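One structure is given below, encoded as C-alpha coordinates.
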Amino acid sequence: MDYLQSIRVFVRIAELGSYSRAARALRISNSLATRLVMSLESHLDARLFQRSTRRLSLTEQGQAYLECVSRILADLERAERLVAAHTREPAGTLRIAAHPMFSLHGFSAALSAYAQRYPRVTLDLTLTDRPVNLIEERFDVGVLMGRQVTGDSIVKRWLMRTRMMVCAAPAYLKKHGAPAHPEDLAGHAWLHLPLERYGEQLELLGPDGPVQVNPTNVALANNSSMLRELAVLGMGIALLPCHMVDDDLREGRLVRLLADYHLPPADIHVAYPSRTHLPSKVRTFADHLVESAGAALDTRIADPDFAPVRTAA
(Lines of atoms letter the chains of each structure in order from A; the text may use other names.)
(Lines give C-alpha, C1' and ligand atoms only; values in the text may rest on other atoms or scores of the structure.)
Protein backbone atom coordinates (compact mmCIF):
# COMPACT_ATOMS: atom_id res chain seq x y z
CA MET A 421 0.00 0.00 0.00
CA ASP A 422 1.18 3.51 -0.86
CA TYR A 423 0.44 4.95 2.56
CA LEU A 424 0.89 8.62 1.63
CA GLN A 425 -1.24 8.31 -1.50
CA SER A 426 -3.93 6.52 0.52
CA ILE A 427 -4.00 9.41 3.00
CA ARG A 428 -4.28 11.97 0.20
CA VAL A 429 -7.15 10.05 -1.40
CA PHE A 430 -8.91 9.75 1.96
CA VAL A 431 -8.62 13.51 2.60
CA ARG A 432 -9.87 14.38 -0.88
CA ILE A 433 -12.89 12.08 -0.53
CA ALA A 434 -13.70 13.64 2.84
CA GLU A 435 -13.43 17.15 1.33
CA LEU A 436 -15.59 16.41 -1.73
CA GLY A 437 -17.98 13.93 -0.11
CA SER A 438 -17.74 11.48 -2.99
CA TYR A 439 -15.43 8.74 -4.21
CA SER A 440 -16.10 9.57 -7.85
CA ARG A 441 -15.51 13.32 -7.50
CA ALA A 442 -12.29 12.70 -5.56
CA ALA A 443 -11.11 10.20 -8.18
CA ARG A 444 -11.71 12.73 -10.97
CA ALA A 445 -9.90 15.47 -9.03
CA LEU A 446 -6.91 13.20 -8.43
CA ARG A 447 -7.07 11.70 -11.95
CA ILE A 448 -7.33 8.13 -10.76
CA SER A 449 -10.01 5.49 -11.25
CA ASN A 450 -12.91 4.96 -8.87
CA SER A 451 -11.74 1.42 -8.23
CA LEU A 452 -8.25 2.58 -7.24
CA ALA A 453 -9.67 5.19 -4.87
CA THR A 454 -11.86 2.52 -3.27
CA ARG A 455 -8.97 0.06 -2.92
CA LEU A 456 -6.69 2.68 -1.34
CA VAL A 457 -9.26 3.66 1.28
CA MET A 458 -10.02 0.02 2.05
CA SER A 459 -6.29 -0.66 2.48
CA LEU A 460 -6.02 2.36 4.79
CA GLU A 461 -8.96 1.16 6.88
CA SER A 462 -7.43 -2.31 7.07
CA HIS A 463 -4.10 -0.82 8.15
CA LEU A 464 -5.79 1.26 10.85
CA ASP A 465 -8.25 -1.49 11.77
CA ALA A 466 -10.98 1.14 11.79
CA ARG A 467 -13.83 2.25 9.54
CA LEU A 468 -13.27 5.80 8.28
CA PHE A 469 -16.46 6.38 6.27
CA GLN A 470 -20.08 5.56 6.96
CA ARG A 471 -21.58 4.57 3.63
CA SER A 472 -25.24 4.66 2.67
CA THR A 473 -27.12 4.72 -0.61
CA ARG A 474 -27.62 8.49 -0.48
CA ARG A 475 -24.63 9.99 1.34
CA LEU A 476 -21.07 9.44 2.51
CA SER A 477 -20.05 10.64 5.95
CA LEU A 478 -17.06 10.32 8.25
CA THR A 479 -17.19 8.08 11.27
CA GLU A 480 -16.01 9.45 14.61
CA GLN A 481 -12.64 7.77 14.07
CA GLY A 482 -12.55 9.08 10.51
CA GLN A 483 -13.14 12.67 11.66
CA ALA A 484 -10.35 12.45 14.24
CA TYR A 485 -8.00 10.90 11.67
CA LEU A 486 -8.87 13.58 9.10
CA GLU A 487 -7.94 16.41 11.47
CA CYS A 488 -4.55 14.85 12.20
CA VAL A 489 -3.53 13.87 8.67
CA SER A 490 -4.71 17.20 7.22
CA ARG A 491 -2.13 18.96 9.38
CA ILE A 492 0.51 16.44 8.32
CA LEU A 493 -0.24 16.97 4.62
CA ALA A 494 -0.12 20.76 5.08
CA ASP A 495 3.30 20.45 6.73
CA LEU A 496 4.51 18.22 3.89
CA GLU A 497 3.34 20.75 1.31
CA ARG A 498 5.14 23.55 3.15
CA ALA A 499 8.30 21.44 3.26
CA GLU A 500 8.05 20.81 -0.48
CA ARG A 501 7.59 24.53 -1.18
CA LEU A 502 10.56 25.34 1.02
CA VAL A 503 12.82 22.94 -0.86
CA ALA A 504 11.48 24.18 -4.19
CA ALA A 505 12.17 27.81 -3.21
CA HIS A 506 15.81 26.93 -2.56
CA THR A 507 16.26 24.92 -5.73
CA ARG A 508 14.09 26.76 -8.25
CA GLU A 509 15.88 29.21 -10.53
CA PRO A 510 15.43 32.78 -9.21
CA ALA A 511 13.03 34.84 -11.31
CA GLY A 512 10.85 37.94 -11.13
CA THR A 513 11.44 41.54 -10.04
CA LEU A 514 13.83 42.12 -7.13
CA ARG A 515 13.15 45.49 -5.47
CA ILE A 516 16.35 46.84 -3.88
CA ALA A 517 16.82 49.88 -1.64
CA ALA A 518 20.47 50.95 -1.51
CA HIS A 519 22.56 53.79 -0.13
CA PRO A 520 23.66 56.17 -2.94
CA MET A 521 27.33 55.38 -2.32
CA PHE A 522 26.88 52.09 -4.14
CA SER A 523 26.33 53.93 -7.40
CA LEU A 524 29.93 55.15 -7.21
CA HIS A 525 32.18 52.19 -6.44
CA GLY A 526 31.88 48.49 -6.97
CA PHE A 527 28.18 47.89 -6.43
CA SER A 528 27.43 48.19 -10.15
CA ALA A 529 29.90 45.39 -10.82
CA ALA A 530 28.21 43.21 -8.21
CA LEU A 531 24.79 43.92 -9.76
CA SER A 532 26.07 43.12 -13.24
CA ALA A 533 27.60 39.84 -12.09
CA TYR A 534 24.35 38.83 -10.40
CA ALA A 535 22.26 39.73 -13.47
CA GLN A 536 24.50 37.64 -15.70
CA ARG A 537 24.24 34.69 -13.35
CA TYR A 538 20.45 34.97 -12.91
CA PRO A 539 19.07 36.47 -16.15
CA ARG A 540 15.42 35.83 -15.19
CA VAL A 541 15.64 38.33 -12.31
CA THR A 542 14.80 41.99 -13.06
CA LEU A 543 16.65 44.38 -10.74
CA ASP A 544 14.59 47.40 -9.59
CA LEU A 545 17.03 49.68 -7.72
CA THR A 546 16.13 52.69 -5.55
CA LEU A 547 18.98 54.81 -4.14
CA THR A 548 18.20 56.59 -0.89
CA ASP A 549 19.92 58.10 2.15
CA ARG A 550 16.83 58.05 4.34
CA PRO A 551 15.68 55.35 6.79
CA VAL A 552 13.84 52.54 5.00
CA ASN A 553 11.14 50.20 6.29
CA LEU A 554 11.60 47.28 3.94
CA ILE A 555 8.29 45.61 4.79
CA GLU A 556 6.03 48.68 4.68
CA GLU A 557 7.69 49.97 1.50
CA ARG A 558 7.62 46.52 -0.12
CA PHE A 559 11.33 46.23 -0.79
CA ASP A 560 12.71 42.71 -1.15
CA VAL A 561 16.17 43.63 0.05
CA GLY A 562 18.18 46.63 1.27
CA VAL A 563 21.89 47.43 1.01
CA LEU A 564 22.02 50.07 3.69
CA MET A 565 23.91 51.60 6.59
CA GLY A 566 22.77 50.19 9.91
CA ARG A 567 20.73 53.19 11.04
CA GLN A 568 18.84 53.24 7.74
CA VAL A 569 17.20 49.87 8.39
CA THR A 570 13.92 50.21 10.28
CA GLY A 571 11.05 47.86 11.11
CA ASP A 572 10.70 44.53 12.88
CA SER A 573 11.64 41.01 11.81
CA ILE A 574 14.55 42.10 9.62
CA VAL A 575 17.57 39.90 8.94
CA LYS A 576 20.82 41.89 8.59
CA ARG A 577 24.03 40.37 7.18
CA TRP A 578 27.19 42.42 7.56
CA LEU A 579 29.00 43.47 4.39
CA MET A 580 31.63 46.03 5.38
CA ARG A 581 32.41 49.14 7.38
CA THR A 582 32.93 52.69 6.15
CA ARG A 583 33.98 56.01 7.72
CA MET A 584 32.91 59.61 7.31
CA MET A 585 35.32 62.44 6.45
CA VAL A 586 35.11 66.20 6.99
CA CYS A 587 35.86 67.82 3.61
CA ALA A 588 35.79 71.13 1.77
CA ALA A 589 36.85 72.53 -1.60
CA PRO A 590 40.18 74.40 -1.90
CA ALA A 591 38.27 77.50 -3.06
CA TYR A 592 36.20 77.53 0.14
CA LEU A 593 39.29 77.08 2.32
CA LYS A 594 41.14 79.84 0.47
CA LYS A 595 38.32 82.24 1.25
CA HIS A 596 37.38 81.12 4.78
CA GLY A 597 40.41 79.24 6.09
CA ALA A 598 40.57 75.69 7.43
CA PRO A 599 39.28 74.71 10.89
CA ALA A 600 42.09 73.52 13.17
CA HIS A 601 39.76 71.99 15.76
CA PRO A 602 36.16 70.69 15.62
CA GLU A 603 35.01 73.64 17.72
CA ASP A 604 36.06 75.92 14.84
CA LEU A 605 33.28 74.40 12.71
CA ALA A 606 30.79 76.64 14.51
CA GLY A 607 32.17 79.55 12.48
CA HIS A 608 31.94 77.80 9.11
CA ALA A 609 29.21 77.07 6.58
CA TRP A 610 28.07 73.49 7.11
CA LEU A 611 26.47 71.15 4.54
CA HIS A 612 24.52 68.50 6.36
CA LEU A 613 22.05 65.66 6.18
CA PRO A 614 18.58 66.32 7.69
CA LEU A 615 18.69 67.07 11.41
CA GLU A 616 16.73 63.94 12.31
CA ARG A 617 19.63 61.87 10.95
CA TYR A 618 22.41 63.19 13.21
CA GLY A 619 20.66 65.88 15.24
CA GLU A 620 21.67 69.51 15.54
CA GLN A 621 24.77 68.61 17.53
CA LEU A 622 27.67 66.78 15.91
CA GLU A 623 29.98 64.56 17.96
CA LEU A 624 33.44 63.77 16.60
CA LEU A 625 35.90 61.35 18.17
CA GLY A 626 39.49 62.57 18.47
CA PRO A 627 42.78 62.04 20.32
CA ASP A 628 41.34 63.58 23.50
CA GLY A 629 37.98 61.83 23.30
CA PRO A 630 34.63 62.99 21.91
CA VAL A 631 34.10 66.62 20.95
CA GLN A 632 30.59 68.04 20.50
CA VAL A 633 30.06 70.94 18.13
CA ASN A 634 27.10 72.89 16.74
CA PRO A 635 27.92 73.80 13.12
CA THR A 636 26.01 76.51 11.29
CA ASN A 637 23.92 74.79 8.61
CA VAL A 638 23.74 76.60 5.29
CA ALA A 639 22.17 73.68 3.39
CA LEU A 640 20.41 70.44 4.32
CA ALA A 641 19.91 67.60 1.84
CA ASN A 642 18.68 64.05 2.28
CA ASN A 643 21.21 62.80 -0.25
CA SER A 644 24.96 62.54 0.32
CA SER A 645 25.68 62.86 -3.40
CA MET A 646 24.03 66.29 -3.45
CA LEU A 647 26.03 67.38 -0.40
CA ARG A 648 29.20 66.27 -2.15
CA GLU A 649 28.31 68.35 -5.23
CA LEU A 650 27.71 71.42 -3.06
CA ALA A 651 31.01 70.87 -1.26
CA VAL A 652 32.92 70.58 -4.55
CA LEU A 653 31.33 73.87 -5.65
CA GLY A 654 32.76 75.56 -2.54
CA MET A 655 29.48 76.15 -0.74
CA GLY A 656 30.73 74.88 2.62
CA ILE A 657 32.20 72.05 4.69
CA ALA A 658 30.57 68.60 4.56
CA LEU A 659 30.78 65.29 6.37
CA LEU A 660 30.81 62.60 3.67
CA PRO A 661 31.49 58.86 3.33
CA CYS A 662 35.15 58.21 2.56
CA HIS A 663 34.38 56.11 -0.53
CA MET A 664 32.28 58.92 -2.00
CA VAL A 665 35.06 61.52 -1.94
CA ASP A 666 38.08 59.30 -2.58
CA ASP A 667 38.55 60.43 -6.19
CA ASP A 668 37.85 64.07 -5.26
CA LEU A 669 40.53 63.97 -2.57
CA ARG A 670 43.14 62.39 -4.80
CA GLU A 671 42.42 64.78 -7.68
CA GLY A 672 42.28 67.89 -5.49
CA ARG A 673 38.63 68.81 -5.86
CA LEU A 674 38.20 68.38 -2.10
CA VAL A 675 40.54 68.56 0.89
CA ARG A 676 40.22 66.42 3.98
CA LEU A 677 39.90 68.41 7.21
CA LEU A 678 40.38 67.47 10.86
CA ALA A 679 42.03 64.18 9.93
CA ASP A 680 42.46 63.24 13.59
CA TYR A 681 38.70 63.41 14.19
CA HIS A 682 35.94 61.20 12.89
CA LEU A 683 32.47 59.82 13.53
CA PRO A 684 32.14 56.23 14.72
CA PRO A 685 32.44 53.94 11.66
CA ALA A 686 29.20 52.93 9.95
CA ASP A 687 28.42 49.28 9.26
CA ILE A 688 26.85 48.40 5.94
CA HIS A 689 24.46 45.45 5.75
CA VAL A 690 22.40 43.57 3.24
CA ALA A 691 19.00 43.32 4.91
CA TYR A 692 15.74 41.57 4.09
CA PRO A 693 12.46 40.68 5.83
CA SER A 694 12.59 37.48 7.87
CA ARG A 695 10.40 34.86 6.23
CA THR A 696 9.80 31.16 6.65
CA HIS A 697 10.01 30.72 2.89
CA LEU A 698 12.61 33.18 1.66
CA PRO A 699 12.28 33.70 -2.11
CA SER A 700 15.23 32.29 -3.99
CA LYS A 701 15.84 35.66 -5.69
CA VAL A 702 16.37 37.27 -2.25
CA ARG A 703 18.48 34.44 -0.86
CA THR A 704 20.77 34.28 -3.90
CA PHE A 705 21.16 38.07 -4.06
CA ALA A 706 22.10 38.34 -0.38
CA ASP A 707 24.54 35.43 -0.70
CA HIS A 708 26.05 37.04 -3.80
CA LEU A 709 26.65 40.37 -2.05
CA VAL A 710 28.22 38.73 1.00
CA GLU A 711 30.53 36.74 -1.28
CA SER A 712 31.30 39.87 -3.33
CA ALA A 713 31.97 42.18 -0.39
CA GLY A 714 35.71 41.63 -0.51
CA ALA A 715 35.99 41.32 -4.28
CA ALA A 716 33.41 42.92 -6.59
CA LEU A 717 32.69 45.77 -4.18
CA ASP A 718 35.48 48.33 -4.34
CA THR A 719 37.85 48.16 -1.37
CA ARG A 720 37.84 51.96 -1.21
CA ILE A 721 34.33 51.81 0.22
CA ALA A 722 35.70 50.32 3.41
CA ASP A 723 39.21 51.76 3.57
CA PRO A 724 39.62 55.51 4.07
CA ASP A 725 43.38 55.21 3.65
CA PHE A 726 43.19 53.38 0.32
CA ALA A 727 45.14 56.10 -1.48
CA PRO A 728 47.10 59.21 -0.47
CA VAL A 729 44.85 62.28 -0.23
CA ARG A 730 45.36 65.97 0.32
CA THR A 731 44.71 67.19 3.84
CA ALA A 732 44.57 70.72 5.10
CA ALA A 733 47.79 71.89 6.68
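Per my numbering, the very first residue in the sequence shown carries number 421; after that it's consecutive.
Yeah, the Cβ is synthetic: ideal placement off N, Cα and C, and Gly gets one too.
Quick caveat: nothing in here was measured; it's all calculated off a predicted structure.
Starting from Arg-471, trace the alpha helix (DSSP H) both ways and give me its first and last residue.
-> Your numbering for residue 471 matches position 51 in the sequence shown. Premise fails: Arg-471 lies in the beta strand (DSSP E), 469-471, not in any alpha helix (DSSP H).
Beta-carbon proximity list for Pro-510, same chain, < 6 Å, skipping 5 on both sides | Position 90 of the sequence shown, counted from the start, is the residue given in the question as residue 510. Tyr-538, Val-541, Ser-700, Lys-701, Thr-704, listed in sequence order.
Beta-carbon proximity of Ile-688 to Met-585, cut-off 8 Å | As a working mapping, residue 688 is identified with position 268 in the sequence shown. As a working mapping, residue 585 is identified with position 165 in the sequence shown. For Ile-688 and Met-585, no; Cβs fall outside 8 Å.
Minimum C-alpha distance to His-697 - residue among Leu-446, Leu-502, Asn-450 | For the purposes of this step, residue 697 is taken as the residue at position 277 of the sequence shown. Comparing Cα positions, the closest option is Leu-502.
Whose C-beta lies closer than 6 Å to the C-beta of Glu-500 among residues of the same chain, with five residues either side of it excluded?
-> By one-based count along the sequence shown, residue 500 stands at place 80. Hits under 6 Å: none found.
Residues near Glu-435 by beta carbon distance below 8 Å, same chain, minus five either side | Reading the sequence shown from its first residue, position 15 is the one you call residue 435. Only Ala-442 meet the Cβ criterion.
Using DSSP with H/G/I as helix, E/B as strand and the rest coil, what is His-682?
-> Numbered from its first residue, the sequence shown carries residue 682 at position 262. Strand, per DSSP.
How many angstroms separate the CA atom of Met-655 from the CA atom of Leu-611?
-> The residue labelled residue 655 in the question sits at position 235 within the sequence shown. The residue labelled residue 611 in the question sits at position 191 within the sequence shown. Going by the C-alpha atoms only, they are around 8 Å apart.
Do Val-431 and Val-489 come within 8 Å of each other at the CB atom, strictly closer than that value?
-> Here the question's residue 489 lines up with position 69 in the sequence shown. Here the question's residue 431 lines up with position 11 in the sequence shown. Yes. Within cutoff.
Classify Leu-647 as buried or exposed, calling it buried when 16 or more other Cβ atoms lie within 10 Å of its own Cβ.
-> Here residue 647 corresponds to residue number 227 of the sequence shown, with the count starting at 1. Buried: at least 16 other Cβ atoms inside 10 Å.
Would you report the Cα separation of Pro-693 and Val-552, rounded to the nearest angstrom?
-> Translated into positions along the sequence shown, residue 693 becomes position 273. Translated into positions along the sequence shown, residue 552 becomes position 132. Approximately 12 Å between the Cα atoms of the pair.
Given that a residue counts as buried once 16 or more other Cβ atoms are within 10 Å of its Cβ, and exposed if not, what is Glu-603?
-> Here residue 603 corresponds to residue number 183 of the sequence shown, with the count starting at 1. With fewer than 16 other Cβ atoms from the protein chains shown falling within 10 Å of its own Cβ, Glu-603 counts as exposed.
Looking at Asp-680 and Gly-629, is the spacing between their C-beta atoms short of 8 Å?
-> Here residue 629 refers to the residue found at position 209 of the sequence shown. Here residue 680 refers to the residue found at position 260 of the sequence shown. No. Outside cutoff.
Thinking just about the alpha-carbon of each residue, which of Arg-515, Leu-622, Arg-676 is nearest to the one in Glu-556?
-> Mapped onto the sequence shown, residue 556 falls at position 136. Among Arg-515, Leu-622, Arg-676, the Cα nearest to that of Glu-556 is on Arg-515.
In chain order, which continuous runs of the alpha helix (DSSP H) of length 4 or greater are located wholly inside the stretch 492-538?
-> 527-537
Nonlocal neighbours in the same chain, by C-beta distance under 8 Å from Gln-621, ignoring five residues either side | Here residue 621 corresponds to residue number 201 of the sequence shown, with the count starting at 1. Excluding residues within five positions, the ones whose Cβ falls inside 8 Å are Gln-632, Val-633, Asn-634.
Taking the alpha helix (DSSP H) that Pro-590 falls in, what are its first and last residues?
-> Sequence index remark: in the sequence shown, residue 590 carries index 170 (1-based). Pro-590 -> alpha helix (DSSP H) spans 590-596.
Answer yes or no: do Leu-683 and Leu-624 have a C-beta to C-beta separation smaller than 8 Å?
-> Here residue 683 is taken as the residue at index 263 of the sequence shown, counted from 1. Here residue 624 is taken as the residue at index 204 of the sequence shown, counted from 1. Taking 8 Å as the Cβ cut-off, Leu-683 and Leu-624 qualify as a contacting pair.
Per DSSP, which residues does Pro-661 bridge with? Please list them.
-> Taking the first residue of the sequence shown as 1, we reach residue 661 at position 241. The partner list for Pro-661 (beta bridge, DSSP) reads Met-584.
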